[in-house]
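Structure first, commentary second.
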Amino acid sequence: MKKMTTNWEPCCEKIIPVPRQGILKGDVAMYLLLKDGGRYRCQFDTVYKAKSDPKKMPEWHFIQHKLTREDRSDAKNQKWQLAEHSVASRSALP
Numbered sequence: 002m003k004k005m006t007t008n009w010e011p012c013c014e015k016i017i018p019v020p021r022q023g024i025l026k027g028d029v030a031m032y033l034l035l036k037d038g039g040r041y042r043c044q045f046d047t048v049y050k051a052k053s054d055p056k057k058m059p060e061w062h063f064i065q066h067k068l069t070r071e072d073r074s075d076a077k078n079q080k081w082q083l084a085e086h087s088v089a090s091r092s093a094l095p
């Protein structure tokens with residue numbers, strides 16, 4: 002039986018600065034929703050690097066992601082368009 006996905010669940014990415022390398026490393030677990038109510042877990046490790054050397058590295062923070070998938074399929078091809086909405090914030094904890 003084929004498992005059909007419907008969309009992505011909202012998620013939160015943890016961003017940690019690595020000043021010596023001038024990059025930000027991210028860690029996020031995202032879940033694809035299945036038609037039968039189940040979920041597929043996807044683990045992403047991301048690296049963000051600026052085109053020029055940053056003057057000041059940002060502190061560690063969180064990025065909340067919401068991906069939405071629109072079906073753009075026709076009779077010949079299966080196509081989807083992904084749209085992302087993101088908000089970055091620091092932890093509210095001291």
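Each number in the working numbering comes from the position in the sequence shown (counting from 1) with 1 added on.
All residues carry an ideal CB built from backbone N, CA and C; glycine is no exception.
From a predicted model like this one, the values you see are computed outputs, not experimental measurements.
Burial state of L25 is buried, judged by a 10 Å Cβ sphere holding 16 or more other Cβ atoms.
Per DSSP, the unbroken beta strand (DSSP E) holding N8 starts and ends at T6 to W9.
Judged by their CB atoms, T69 and A84 are nearer to each other than the 8 Å cut-off. Taking a contact as a CB-CB distance under 8 Å, the pair H66 and P11 counts as one, their CB atoms being some 7 Å apart. Between the alpha carbons of D75 and L33 lies a distance of about 23 Å.
K4 is the residue among K4, A93, S87 and S92 whose C-alpha sits nearest the C-alpha of L35. Shortest Cα-Cα distance from T7 to any of R91, K56 and Q82 involves Q82. Residue pairing by DSSP places K3 in no beta bridge whatsoever.
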